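*Asks:*
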Amino acid sequence: MMWCDTHDRYGLISITLHWLVAAAVTGLFVVGLWMVELGYLHPWYQRAPDIHRSVGVILFAMMLAHAAWRYTNPRPAAIGSVTQRKAAAWMHRLIYILMYLLVLSGYLISTADGRGIDVFGLFSVPASISGLQSQADIAGEVHELLAFALIALTILHALAALKHHFVDRDQTLKRMLTIKH
Amino acid sequence: MKYKLLSSITLTIVLTVPSLLQAADYVIDTEKAHAFIQFRIKHLGYSWLLGRFNDFDGSFSYDEADPAASSVEVTIRTASIDSNHAERDKHLRGKEFLEVDKFPQATFVSTGFTENDDKSAVLTGNLMLHGVTRPVNIAVKPIGHGPDPWGGKRRGFEGSTTLKLADYDIDFDLGPAAREVELFLSVEGIEQ
Chain A
1 MMWCDTHDRY
11 GLISITLHWL
21 VAAAVTGLFV
31 VGLWMVELGY
41 LHPWYQRAPD
51 IHRSVGVILF
61 AMMLAHAAWR
71 YTNPRPAAIG
81 SVTQRKAAAW
91 MHRLIYILMY
101 LLVLSGYLIS
111 TADGRGIDVF
121 GLFSVPASIS
131 GLQSQADIAG
141 EVHELLAFAL
151 IALTILHALA
161 ALKHHFVDRD
171 QTLKRMLTIK
181 H
Chain B
182 MKYKLLSSIT
192 LTIVLTVPSL
202 LQAADYVIDT
212 EKAHAFIQFR
222 IKHLGYSWLL
232 GRFNDFDGSF
242 SYDEADPAAS
252 SVEVTIRTAS
262 IDSNHAERDK
272 HLRGKEFLEV
282 DKFPQATFVS
292 TGFTENDDKS
302 AVLTGNLMLH
312 GVTRPVNIAV
322 KPIGHGPDPW
332 GGKRRGFEGS
342 TTLKLADYDI
352 DFDLGPAARE
362 VELFLSVEGI
372 EQ
């Protein structure tokens, strides 16, 4: 069973992490957009943000796990022309940066008053930076803006993968879908 | 000769005494936070949710000899709303409630003051909140007045009034028990 990455392929851990994160990011975006429109008396008014925050924290844990995994594994070589490889590197870097900023800004909204964030009733992430002037409001605007930016990038990311698969006919998408070649 | 001195003394007294009874102007002591603007609203009909506005300033003028001539003006920075919960306060500042970006201030300017025999009073005036200006009546009670230990003179009041949220274009549905909000004011002014 190929758990680890090699010089040209992704292992099962990387592939699983990739799609878990993709699902989490998409779900967080959809729930995020939906939950802010709910009326106060809607039965999901409390539950949806609770889930959104909890999944956000779990996502952060997955991002840290992914960073550690990448650091300790060989990096599969990028595929394509020099321009394509450079563009891909920047696209991925931007996606990582946006994701970390989204987690941070979300955290700063909910902890602005010093309260921690409860994660599925299992544990609580304590506040650290709180009480800043207009903290919740500014973090909120940043969070919303970056969310749209990230979704735009992930759409480009997906379209690029499809291009590699159907136009260039290379291994780019295949190696993120399966360890079999 | 005697009469000149006597008449100057008399003139001085006559000119001074009225000023002892003149209207006094007060600045509300927000610098040392001896003034509070609080509100309460029912949460689902099960408990009172309390909050306050932390940032405001104002002044009033009170005349013991002519209370009806008293006046008050207060300006509240609406973004300072504080109900001890970051996410709730963010919601309250937003477009579903106070829209503090569009309406950073709420103001009260008095139009009248009717004092009763027991010194309680009704303060009438115009409240501008969420961009809507309406007349309100505030039930006022004096708390006390006199010198302070640091060379100043102070006078304080408490006041209360009830507002309908919908009257100020706040129509986010919080349930049937939460259509009105009670305002409670406690102000101390330093005589100028």
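Keeping their order, the protein sequence lines are chains A and B.
Mapping the first sequence onto my numbering, position 119 (from 1) lands on 119, and the numbers just tick up by one.
Quick note, my numbering runs 181 ahead of the 1-based positions in the second sequence.
Ideal Cβ placement from N, Cα and C applies to all residues, glycine included.
Keep in mind the model is a prediction, meaning the values are calculated, not measured.
Can you pull the DSSP bridge partners for residue 16(A)?
*Replies:* Taking the first sequence and counting its residues from 1, the one referred to as residue 16(A) is at position 16. Paired residue(s): none; residue 16(A) is not in a bridge.
*Asks:* What do you get for residue 368(B), buried or exposed, if any count of 16 or more other CB atoms within 10 angstroms of its CB means buried?
*Replies:* Within the second sequence, numbered from 1, the residue matching residue 368(B) stands at position 187. Classification for residue 368(B): buried.
*Asks:* Can you have a look at residue 106(A) and say buried or exposed, based on whether 16 or more other CB atoms are within 10 angstroms of its CB?
*Replies:* Your numbering for residue 106(A) matches position 106 in the first sequence. Residue 106(A) should be labelled buried.
*Asks:* Determine the chain A residues that contact residue 265(B) at a beta-carbon separation under 9 Å, and present them in chain order.
*Replies:* Walking along the second sequence from the start, residue 265(B) turns up at place 84. Per Cβ cutoff of 9 Å: 113.
*Asks:* If you check the beta carbons only, do residue 217(B) and residue 365(B) fall under 9 Å apart?
*Replies:* On the second sequence, position 36 is the one that residue 217(B) refers to. On the second sequence, position 184 is the one that residue 365(B) refers to. Closer than 9 Å, so yes.
*Asks:* In angstroms, rounded to a whole number, what distance separates the CA positions of residue 230(B) and residue 313(B)?
*Replies:* In the second sequence, counting from the first residue as 1, residue 230(B) sits at position 49. In the second sequence, counting from the first residue as 1, residue 313(B) sits at position 132. One C-alpha to the other measures close to 24 Å.
*Asks:* So, at 8 Å on beta carbons, what are the nonlocal neighbours of residue 53(A) in its own chain, with the 5 sequence-adjacent residues on each side left out?
*Replies:* Against the first sequence, residue 53(A) aligns to sequence position 53. Only 106, 110, 117, 118 and 119 meet the Cβ criterion.
*Asks:* Looking only at its chain, what residues have a beta carbon closer than 6 Å to the beta carbon of residue 293(B), apart from the 5 residues adjacent to it on each side?
*Replies:* The residue you call residue 293(B) lines up with position 112 of the second sequence. The answer, listed in chain order, is 305.
*Asks:* Residues of the segment 218–243 of chain B in Cβ contact with chain A at a cutoff of 8 Å, in chain order, please.
*Replies:* none
*Asks:* What separation, rounded to the nearest whole angstrom, lies between the Cα atoms of residue 225(B) and residue 233(B)?
*Replies:* Locating residue 225(B) in the second sequence gives position 44, counting from the first residue. Locating residue 233(B) in the second sequence gives position 52, counting from the first residue. So the alpha carbons of these two residues sit roughly 19 Å apart.
*Asks:* Take the Cβ of residue 276(B) as the centre, count every other Cβ of all protein chains shown within 10 Å, and call the residue buried at 16 or more, exposed below.
*Replies:* In the second sequence, residue 276(B) corresponds to position 95, counting from 1. It is exposed - the Cβ of residue 276(B) has fewer than 16 other Cβ atoms within 10 Å.
*Asks:* In angstroms, rounded to a whole number, what distance separates the CA positions of residue 59(A) and residue 24(A)?
*Replies:* Counting from one through the first sequence, the residue named residue 59(A) turns up at place 59. Counting from one through the first sequence, the residue named residue 24(A) turns up at place 24. Cα-Cα distance, rounded: 7 Å.
*Asks:* For the segment 78–141 of chain A, list the alpha helix (DSSP H) runs that are entirely contained and at least 4 residues long, ordered along the chain.
*Replies:* 82–110
*Asks:* Nearest chain B C-beta to residue 134(A) closer than 9 Å, yes or no?
*Replies:* Locating residue 134(A) in the first sequence gives position 134, where the first residue counts as 1. It does; some Cβ of chain B falls within 9 Å.
*Asks:* Just the Cα atoms here: how many angstroms apart are residue 76(A) and residue 99(A)?
*Replies:* One-based indexing of the first sequence puts residue 76(A) at position 76. One-based indexing of the first sequence puts residue 99(A) at position 99. If you take the alpha carbons of residue 76(A) and residue 99(A), they lie about 22 Å apart.
*Asks:* From the DSSP output, which residues share a beta bridge with residue 365(B)?
*Replies:* Position 184 of the second sequence holds residue 365(B). Looking at the DSSP assignment, residue 365(B) forms a beta bridge with 219(B) and 341(B).
*Asks:* Please report the straight-line C-alpha distance between residue 359(B) and residue 163(A), rounded to a whole angstrom.
*Replies:* Residue numbering aside, residue 359(B) sits at position 178 when the second sequence is read from its first letter. Residue numbering aside, residue 163(A) sits at position 163 when the first sequence is read from its first letter. If I take the Cα positions, the gap works out to 55 Å.
*Asks:* For residue 143(A), does the count of other Cβ atoms within 10 angstroms reach 16, so buried, or fall short, so exposed?
*Replies:* Looking up residue 143(A) in the first sequence gives position 143. Burial call: buried.
*Asks:* Less than 8 Å between C-beta atoms, sequence neighbours within five positions excluded: which residues of the same chain meet that for residue 149(A)?
*Replies:* Position 149 of the first sequence, counting from 1, holds the residue named residue 149(A). Cβ neighbours of residue 149(A) beyond the five flanking positions: 98.
*Asks:* Is the segment 265–275 of chain B touching the segment 132–141 of chain A in the sense that three or more CB pairs, one from each, lie closer than 8 Å?
*Replies:* yes
*Asks:* Can you tell me the Cα-Cα spacing of residue 343(B) and residue 353(B), whole angstroms?
*Replies:* The residue given as residue 343(B) occupies position 162 in the second sequence. The residue given as residue 353(B) occupies position 172 in the second sequence. Rounded to the nearest angstrom, the gap between the Cα atoms of residue 343(B) and residue 353(B) is 18 Å.
*Asks:* Taking Cβ to Cβ, would you say residue 29(A) is nearer than 9 Å to residue 129(A)?
*Replies:* Counting from 1 along the first sequence, the entry for residue 29(A) is found at position 29. Counting from 1 along the first sequence, the entry for residue 129(A) is found at position 129. No.
*Asks:* Where does residue 81(A) land, buried or exposed, given buried means 16+ other C-beta within 10 angstroms?
*Replies:* Position 81 of the first sequence, counted from the start, is the residue given in the question as residue 81(A). Its Cβ having fewer than 16 others within 10 Å, residue 81(A) is exposed.
*Asks:* Within the same chain, show all residues whose beta-carbon is closer than 6 Å to that of residue 112(A), passing over the 5 residues directly before and after it, in chain order.
*Replies:* Here the question's residue 112(A) lines up with position 112 in the first sequence. Excluding sequence neighbours, residue 112(A) sits near 130, 135 and 136.
*Asks:* Where do the ends of the alpha helix (DSSP H) carrying residue 323(B) lie?
*Replies:* For this step, residue 323(B) is matched to residue 142 along the second sequence. Residue 323(B) -> not in any alpha helix (DSSP H); beta strand (DSSP E) instead, spanning 313–328.
*Asks:* According to the neighbour-count rule (16 or more other Cβ atoms, all chains shown, within 10 Å of its Cβ), is residue 45(A) buried or exposed?
*Replies:* Within the first sequence, numbered from 1, the residue matching residue 45(A) stands at position 45. So residue 45(A) ends up on the exposed side.
*Asks:* Does residue 168(A) come out as helix, strand or coil in the three-state DSSP assignment?
*Replies:* The residue given as residue 168(A) occupies position 168 in the first sequence. Residue 168(A) falls in the coil class under three-state DSSP.
*Asks:* If residue 373(B) sits next to residue 247(B), beta carbons under 8 Å apart, how far is it from one beta carbon to the other, in whole angstroms?
*Replies:* The sequence position of residue 373(B) within the second sequence is 192, counting from 1. The sequence position of residue 247(B) within the second sequence is 66, counting from 1. Their Cβ separation, rounded to whole angstroms, is 18 Å, which puts residue 373(B) and residue 247(B) out of contact at 8 Å.
*Asks:* Given residue 263(B), which residues of its chain have a CB within under 8 Å of its CB, disregarding the five upstream and five downstream residues?
*Replies:* The residue you call residue 263(B) lines up with position 82 of the second sequence. Within the same chain, residue 263(B) has close Cβ partners 232, 233, 234, 235 and 270.
*Asks:* Here's the rule: buried if 16 or more other CB atoms are within 10 angstroms of the residue's CB, otherwise exposed. What is residue 282(B)?
*Replies:* Residue mapping note: residue 282(B) aligns to position 101 of the second sequence, counting from 1. Residue 282(B) counts as exposed, since fewer than 16 other beta carbons sit within 10 angstroms of its beta carbon.
*Asks:* Look at the alpha carbon of residue 17(A) and the alpha carbon of residue 62(A), and state the distance between them as a whole number of angstroms.
*Replies:* Mapped onto the first sequence, residue 17(A) falls at position 17. Mapped onto the first sequence, residue 62(A) falls at position 62. Pairing residue 17(A) with residue 62(A), the inter-Cα distance amounts to about 7 Å.
*Asks:* Between which residues of its own chain and residue 71(A) is the CB-CB distance below 8 Å, once the five residues before and five after are set aside?
*Replies:* Working through the first sequence from its first residue, we reach residue 71(A) at position 71. If we look at residue 71(A) and ignore the five residues flanking it on each side, it has no Cβ neighbours.
*Asks:* With 16 other CB atoms within 10 Å as the buried threshold, where does residue 250(B) fall?
*Replies:* Taking the first residue of the second sequence as 1, we reach residue 250(B) at position 69. Looking at its Cβ environment, which holds fewer than 16 other Cβ atoms inside 10 Å, residue 250(B) is exposed.
*Asks:* Under DSSP, the alpha helix (DSSP H) around residue 50(A) begins and ends at which residues?
*Replies:* For the purposes of this step, residue 50(A) is taken as residue 50 along the first sequence, with counting starting at 1. Unbroken alpha helix (DSSP H) run through residue 50(A): 47–71.
*Asks:* Which first and last residues belong to the alpha helix (DSSP H) in which residue 176(A) is found?
*Replies:* Residue 176(A) sits at position 176 when you count from the first residue of the first sequence. Its alpha helix (DSSP H) spans residues 174–177.
*Asks:* Give me, in chain order, the residues of the same chain whose beta-carbon lies closer than 7 Å to that of residue 74(A); leave out the 5 immediate sequence neighbours on both sides.
*Replies:* For the purposes of this step, residue 74(A) is identified with residue 74 of the first sequence, where counting begins at 1. Once the five neighbours on either side are set aside, the close Cβ partners of residue 74(A) are 5, 6 and 7.
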